[in-house]
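What the sequence shown shows, in this note's numbering, is residues 18 to 238, in sequence order. Below: one structure, written as structure tokens.
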Amino acid sequence: MSSNNIDWSDTIKKEAEGINGEDFGEVQDISNGLVLVQRGILNKERFLIPQELAESYDGDIVRFRISENEVLSKYREGAEGGGGGERAQTETTTGDVVDREEEDTISLTEERLDVSKDVKEDQVQITKEPITETKTVEVPVTHEEVSIETRPASGGEGQVSSEGPVTSTQEISIPVKKEEVEVSKTPYVKEEVTVKKKPVTETREITEEVTSERVSTEESS
Numbered sequence: 018m019s020s021n022n023i024d025w026s027d028t029i030k031k032e033a034e035g036i037n038g039e040d041f042g043e044v045q046d047i048s049n050g051l052v053l054v055q056r057g058i059l060n061k062e063r064f065l066i067p068q069e070l071a072e073s074y075d076g077d078i079v080r081f082r083i084s085e086n087e088v089l090s091k092y093r094e095g096a097e098g099g100g101g102g103e104r105a106q107t108e109t110t111t112g113d114v115v116d117r118e119e120e121d122t123i124s125l126t127e128e129r130l131d132v133s134k135d136v137k138e139d140q141v142q143i144t145k146e147p148i149t150e151t152k153t154v155e156v157p158v159t160h161e162e163v164s165i166e167t168r169p170a171s172g173g174e175g176q177v178s179s180e181g182p183v184t185s186t187q188e189i190s191i192p193v194k195k196e197e198v199e200v201s202k203t204p205y206v207k208e209e210v211t212v213k214k215k216p217v218t219e220t221r222e223i224t225e226e227v228t229s230e231r232v233s234t235e236e237s238s
């Protein structure tokens, strides 16, 4: 981009640099083919640089085809051959006060909180443990009992017995049956537990101290 293609009205308050990236300050004014550049806040340096020395403008920085040594030696405001003679004639002075409004720009900085979120993995433990309880179950069981009945002899009364009379105590064994209860335990699936994960959003307050700058004026007596 040549100096003819630069929108010079857009360069006001934009930065100016030299051919090697040297800081020339800030563009203050454009007049009569000259670019007024001011550097510094307390110890101000002002330069009048011809517009045709502009090499490029990217919307933020105006770059000139001169070095810092050249701008200091040739284009300092008021210096001989620096392009400042014609401009100096437009200023009238009364004593030491310049009869022209001047404007300086002071940048104030402030810290801002940049909050980011990082996903961290945590663990939730689900525990299965045995619980012992006593259960009572009623189970019907069957057993045989012996009962004694007296009835007439099958051969009729007076039948001769082949056995003699009982002379001693005899025990006769009658087999009887009974059911015994046997207990065994078999595990089975009683129920199922479903584990679900869902996002829960909560708002947390982050409190931090930030530093900002402010200006104040104090006149020296």
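C-beta: ideal position from N, C-alpha, C; glycine also. In this text, all values refer to a predicted model and were calculated from it rather than measured experimentally.
Distance between residue j and residue i (C-alpha atoms, nearest Å)
| i | j | result |
| --- | --- | --- |
| Lys214 | Asp27 | 56 Å |
| Arg145 | Val206 | It is worth fixing the name first, because residue 145 is Lys in this sequence and not Arg. Taking the straight line joining both Cα atoms gives about 14 Å. |
| Gly35 | Leu125 | 25 Å |
| Thr234 | Gln55 | 21 Å |
| Ser201 | Pro192 | 28 Å |
| Val158 | Thr203 | 21 Å |
| His160 | Ser171 | 29 Å |
| Glu39 | Asp135 | 40 Å |
| Gly102 | Leu53 | Caution is warranted here: a pLDDT of 42 is assigned to Gly102, below 50, making its placement in the model unreliable, and no coordinate value can be reported. |
| Val44 | Val227 | 31 Å |
| Val163 | Glu199 | 25 Å |
| Val210 | Glu128 | 51 Å |
| Asn49 | Glu230 | 37 Å |
| Gln1 | Asp131 | Past the edges of the chain, shown from 18 to 238, lies residue 1, and the structure says nothing about it. |
| Lys137 | Pro147 | 33 Å |
| Trp25 | Glu120 | 19 Å |
| Gly112 | Ser133 | Unreliable positioning characterises Gly112 in this predicted model, as indicated by a pLDDT of 43, which lies under 50. A coordinate reading is not provided. |
Residues sharing a beta bridge with residue i, DSSP
| i | result |
| --- | --- |
| Leu130 | Answer is none; Leu130 lacks a bridge partner. |
| Arg168 | For Arg168, which the question treats as bridged, DSSP gives no partner whatsoever. |
| Phe81 | Ala71 |
| Gly42 | Ala33 |
| Leu51 | Ser48, Pro67 |
| Arg56 | Glu62 |
| Ser229 | Glu127 |
| Lys195 | His160 |
Residue range of the unbroken beta strand (DSSP E) whose run includes residue i
| i | result |
| --- | --- |
| Leu65 | 62 to 67 |
Element boundaries [alpha helix (DSSP H), containing residue i]
| i | result |
| --- | --- |
| Val88 | 85 to 91 |
Anticipated Cβ contact below 8 Å, residue i with residue j, distance rounded
| i | j | result |
| --- | --- | --- |
| Phe64 | Glu94 | 6 Å |
| Ile66 | Leu51 | 7 Å |
| Ile83 | Ile123 | So it is not a contact: roughly 27 Å between Cβ atoms. |
DSSP state of residue i mapped onto helix, strand, coil
| i | result |
| --- | --- |
| Glu27 | What sits at residue 27 in the sequence shown is Asp, not Glu. Three-state result, Asp27: helix. |
| Arg221 | coil |
Closer than 7 Å: residue i CB and nearest the ligand SAH heavy atom
| i | result |
| --- | --- |
| Val158 | Looking at this structure, you won't find the ligand SAH or any other ligand, since it has none at all. |
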